[in-house]
Amino acid sequence: YLGRIAKELDSAVGYTANGGRGIFAPPEDGSMERLEHYKKFGEQKKHPEFTCPTGQIRVTVTEDGVAPLVAEIKLFPMGNAETEEEFCFANGIPDYFRRYSEENGEFAMELPAGRYMMMVSKGSEYEIKQFVAEVPANAKAEVSISLHRFVNLTEKGWYVGDLHHHSVFSSPLYPPQGTDYVYDTTEEVAMSMQAAGLTFGALSDHHNVLNHREWEKTEKQEFLPILSKEISTTNGHVLSLNVDEDVCYRIPSEEERTDEYLRNEFIRMTKEIKSLGGHPQLNHPRDMQKAISFNPAYTDIIEIFDTLEIWNGSHPMEEETTNYEAFELWLSLLEEGRFLAATTGSDTHDISLESWMDSFCYLLGLYKAVKQAYDKMEPELKEKADYFFGMIEPQLDTVQKWGKLNLTSGCVRTYVKADERTPKSLLAHLKKGNSFLTNGPILIAEIDGKQMGEQVQLAADTESITVKLTVLANRPLTKLSIWQNGGRKEEIPLPSVKARNGCYDYSGEISISAADAKWVFFEVKDDYTNQAITNPVFFALQKEKE
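Heads up, my numbering is the position in the sequence shown plus 599, with the first residue counted as 1.
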């Protein structure tokens, strides 16, 4: 409905007709016109042309000024902006460029001349560098960046990855299955993941396993590719992790479409994945689209899955979002004594975000055009404009901030404590919940030597439990939340600390109640762009000695 309203308002105010930035609108599925549109649009995205004066920026990124580093590079045109809060905008259009340095640590790009706010980062374990760079017209700017790694969790047996990512194999180049406009090759996805600091990744293309041989080739000493496929059903999306075979969901005919059939097809499919040595995961179980959201009526069989994606990178983990609804589903299962380990997945379809920026810039431009024309509108059109404003205005700041800081590969990631970095070991520990979820901070809880996904034995007379928390972040945090069974939640303000070598360290010990303790998990946060959530630590009463 919002889309129809937007088109009607666009026509009424002449936004697109008068040269406004058009919306990304591919032709209908399955047509040759769609395929040709895809190829043309993809070339434009891969090789942008600028009509304004340009210059070149060349960046070299190293770790501590020595070893070349694959890192994420973001360039925000500043235009006339003078403050950091404004830097995402250039003449009212929030375009920016997300790229990465290569294995030699180098990156070069032709850009419109001007001032750019540059952010260079590499996931959770490195400092973030942010500064202003000048790209001169018809000349070259040289920039050298050194990032410091303030902790190396790999050395401690922690591995970090993205379980839900797409590539060109989800695109119309692979009909009839491929329907999404994704241009990134397997190698580009692997590099993008490494730039985000990931040490493993699953490439989960829609409807086919055609990426598997190419994805295997991206393996390196510091990066492990995991085979995967995202299976579309009529009631949700399922990951088939670490399975080479093409496991499929058989779509029922109208006559077959019964509750019994749909349930049994989920059960059959997850059994097949497990029989092949794989790991079935349920993705975004509370999506707004019915076809890709798990039917709430099937919650009684949800434990046929090994893990549950509660935090999808397409949007924040905030109240009144589908991510938060997935979190609440996970929490309700915990309260019932039913544990499915929580995971994240970026669900990235565009590592450089150009398609996302096209859509957002269209809505922003149309919003401004409708605002300008509002006073001269007829009452019926004003009513539609009011609806449009009511839907768009509350989300503009959130969407822009999320896109600027969090969208793309590894924007939400899962850290797993495993015996070794192999698909089998990683997925086995993922299922146990030996993990935490993050879009920035590092958060590890330890009780009596036990960590997330493990069980702590409590004596019957235990009144309080001491928890050792490791909390490290490359941006400041403000609060810690403690979640316990029985609906108990406590929020503790975090102290203000100064960064040391790019790291804000909030680590320490806290005490929690042992009364009726069954499980506890933790969350740290500043806002939705900088937070982490653990899987639970479980408790059991010690058996009395004979």
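In this text, a Cβ means the ideal position worked out from N, Cα and C, and glycines have one as well. Quantities reported herein were computed from a predicted structural model and do not represent experimental measurements.
So the beta strand (DSSP E) residue i belongs to, where does it begin and stop?
| i | result |
| --- | --- |
| Met-790 | No beta strand (DSSP E) holds Met-790; the alpha helix (DSSP H) holding it covers 785-794. |
| Ile-1043 | 1041-1045 |
| Met-708 | 705-711 |
| Pro-1092 | 1087-1092 |
| Lys-728 | 728-734 |
| Lys-828 | Unbroken run through Lys-828: none, as it is neither H nor E. |
| Asp-694 | Taken as a continuous stretch (DSSP letters only), Asp-694 belongs to no beta strand (DSSP E), as it is neither H nor E. |
Buried or exposed: which applies to residue i, given that a residue is buried once 16 or more other Cβ atoms fall within 10 Å of its Cβ?
| i | result |
| --- | --- |
| Cys-1010 | buried |
| Asn-737 | exposed |
| Tyr-600 | exposed |
| Gln-1141 | exposed |
| Arg-697 | buried |
| Thr-650 | exposed |
| Lys-1097 | exposed |
| Gln-1130 | buried |
| Lys-1023 | exposed |
| Ile-1091 | exposed |
| Gln-888 | exposed |
| His-646 | exposed |
| Leu-1036 | buried |
| Asp-1060 | exposed |
| Cys-687 | Confidence at Cys-687 is low in this model, with a pLDDT of 45, below 50, so the placement of that residue should be treated as unreliable; the coordinate-derived value is given next. Answer is buried; the Cβ neighbour count reaches 16. |
| Val-842 | buried |
| Glu-726 | buried |
Within the same chain, show all residues whose beta-carbon is closer than 8 Å to that of residue i, passing over the 5 residues directly before and after it, in chain order.
| i | result |
| --- | --- |
| Glu-818 | Pro-824 |
| Ala-896 | Asp-858 |
| Ala-1139 | Gln-1054, Val-1055, Gln-1056 and Leu-1057 |
Would you kindly work out how many angstroms separate the C-alpha atoms of residue i and residue j, rounded to a whole number?
| i | j | result |
| --- | --- | --- |
| Arg-657 | Glu-705 | 7 Å |
| Lys-1124 | Glu-853 | 47 Å |
| Leu-809 | Ser-954 | 24 Å |
| Ile-1041 | Val-759 | 11 Å |
| Arg-849 | Thr-832 | 8 Å |
| Gly-800 | Thr-1077 | 30 Å |
| Pro-771 | Glu-787 | 18 Å |
| Ile-672 | Ser-700 | 7 Å |
| Glu-821 | Thr-661 | 16 Å |
| Asn-1084 | Val-669 | 42 Å |
| Val-665 | Asn-703 | 11 Å |
| Ser-951 | Lys-1067 | 38 Å |
| Glu-1019 | Leu-752 | 13 Å |
| Ala-1027 | Lys-728 | 36 Å |
| Asp-779 | Ala-624 | 12 Å |
| Asp-1126 | Met-631 | 44 Å |
| Pro-884 | Phe-904 | 12 Å |
| His-806 | Ser-745 | 41 Å |
| Lys-1030 | Gly-1052 | 9 Å |
| Ser-1063 | Asp-1047 | 13 Å |
| Lys-967 | Asn-617 | 14 Å |
| Ile-891 | Ala-940 | 20 Å |
| Leu-962 | Lys-606 | 11 Å |
| Asn-922 | Phe-730 | 33 Å |
| Lys-755 | Ile-1043 | 12 Å |
| His-878 | Lys-739 | 49 Å |
| Met-718 | Asn-1038 | 16 Å |
Throw me the rounded Cβ distance for the residue i and residue j pair, which I believe falls under 8 Å.
| i | j | result |
| --- | --- | --- |
| Ser-1034 | Lys-1049 | About 14 Å separates the two Cβ atoms, so there is no contact after all. |
| Gly-796 | Lys-721 | 5 Å |
| Thr-1007 | Ser-945 | 7 Å |
| Ser-827 | Ser-803 | 4 Å |
| Pro-547 | Arg-633 | Missing from the structure shown is residue 547; the chain here goes from 600 to 1145 and no further. |
Less than 7 Å between C-beta atoms, sequence neighbours within five positions excluded: which residues of the same chain meet that for residue i?
| i | result |
| --- | --- |
| Tyr-986 | Ile-604 |
| Ile-866 | Ile-900 and Ile-903 |
| Val-969 | Leu-608, Val-612, Ala-984 and Phe-987 |
| Glu-813 | Thr-785 |
| Glu-927 | none |
| Ala-1113 | Leu-1057, Thr-1061, Glu-1062, Ser-1063 and Ile-1064 |
| Leu-980 | Ala-611 |
| Met-916 | Trp-910, Asn-922, Tyr-923, Phe-926, Tyr-1127 and Gln-1130 |
Quick one: residues in its chain with C-beta nearer than 6 Å to the C-beta of residue i, no 5 flanking neighbours on either side, listed in chain order?
| i | result |
| --- | --- |
| Trp-757 | Tyr-1014 and Lys-1016 |
| Gln-793 | Val-669 and Phe-822 |
| Gly-641 | Tyr-782 |
| Asp-957 | Phe-623 |
Got a sec, what are the start and stop residues for the alpha helix (DSSP H) residue i sits in?
| i | result |
| --- | --- |
| Tyr-1014 | Here Tyr-1014 belongs to no alpha helix (DSSP H); instead the beta strand (DSSP E) covers 1012-1016. |
| Lys-1031 | 1022-1031 |
| Val-967 | The displayed chain sequence assigns Lys, not Val, to residue 967. Start and end: 953-972. |
| Thr-650 | Note, Thr-650: premise wrong, no alpha helix (DSSP H); not H, not E. |
| Asn-922 | 921-934 |
| Lys-645 | 631-645 |
| Pro-626 | No alpha helix (DSSP H) contains Pro-626, which DSSP labels as neither H nor E. |
With 9 Å as the threshold, decide whether the Cβ of residue i is near any Cβ in chain B.
| i | result |
| --- | --- |
| Ala-1116 | Among the chains of the structure shown, chain B does not appear; only one protein chain is present. |
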